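Everything below concerns the one structure shown next.
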Amino acid sequence: MDQVLVEICLRVRDIDATLDFYTELFDFEVASRREFPEDKFDLIYLNSPGSSVQIELTYNYDADPYVIGDGFSHLGVTVNDLEEMHKICKASSYETGELRGLSGGTPSYFFVTDPDGYRIEVKRKK
């Protein structure tokens, strides 16, 4: 039986800030947007260039702030030029960590945090 991961759902508080983060910083594209005002929620699906996995952003109009559970760690994105992406993220308004390497090795990743507190690991593409 074939099984394929097709989407990851994130609940968000500020849809405009979240869309800016993923579309401007990481070049994700809005694949579709479905609005359900009568039920007070919207669904926005994002495509990442080169990947078939979508991020589903769920925006509930009247939701209280979300608590990110301690079992969830982060999403991961690879980039061709890690140092350039790090500079772009550091120059943005988003919380950006330092370049790091596993066990003190050559820097190969860093973390940036989206407007809702979800951490994105940005990794050097192999």
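Numbering-wise (numbering that gives the first Met the number 0), the sequence shown opens with residue 0 and increments by one.
Where a beta carbon is used, it is the ideal one built from N, C-alpha and C, also for glycine.
Remember, predicted model here, so these are calculated numbers, not experimental data.
Taking only three categories from DSSP, how would you classify residue i?
i           : result
residue 117 : coil
residue 41  : strand
residue 18  : helix
residue 107 : coil
residue 9   : strand
On the premise that residue j lies in contact with residue i, defined as a C-beta separation below 8 Å, what is that separation, rounded to the nearest angstrom?
i           : j           : result
residue 107 : residue 100 : 5 Å
residue 34  : residue 41  : 5 Å
residue 58  : residue 14  : 4 Å
residue 81  : residue 123 : 4 Å
Could one say the Cβ of residue i lies closer than 8 Å to chain D's Cβ atoms, at least one of them?
i          : result
residue 76 : As a matter of chain content, chain D is missing from the structure shown, which is built from one protein chain.
To which residues of the same chain is residue i closer than 8 Å at the C-beta, ignoring the five residues directly before and after it?
i          : result
residue 61 : 39
residue 30 : 44, 45, 46 and 53
residue 72 : 118
With a threshold of 6 Å on Cβ separation, who are the neighbours of residue i within its own chain once the five nearest residues in sequence on each side are excluded?
i          : result
residue 95 : 88, 89 and 111
residue 21 : 27 and 45
Within a Cβ cutoff of 7 Å, which residues of the same chain sit near residue i, ignoring the five residues on either side of it in sequence?
i           : result
residue 84  : 78 and 121
residue 17  : 11, 56, 113, 114 and 115
residue 109 : 85, 95, 96, 97, 98, 99 and 121
residue 48  : 26
In chain order, which continuous runs of the alpha helix (DSSP H) of length 4 or greater are located wholly inside the stretch 44-97?
81-90
Taking contact to mean at least 3 C-beta pairs separated by less than 8 Å, is the stretch 0-10 in contact with the stretch 52-67?
yes
Do the stretch 64-81 and the stretch 112-124 meet, that is, are 3 or more Cβ pairs less than 8 Å apart?
yes
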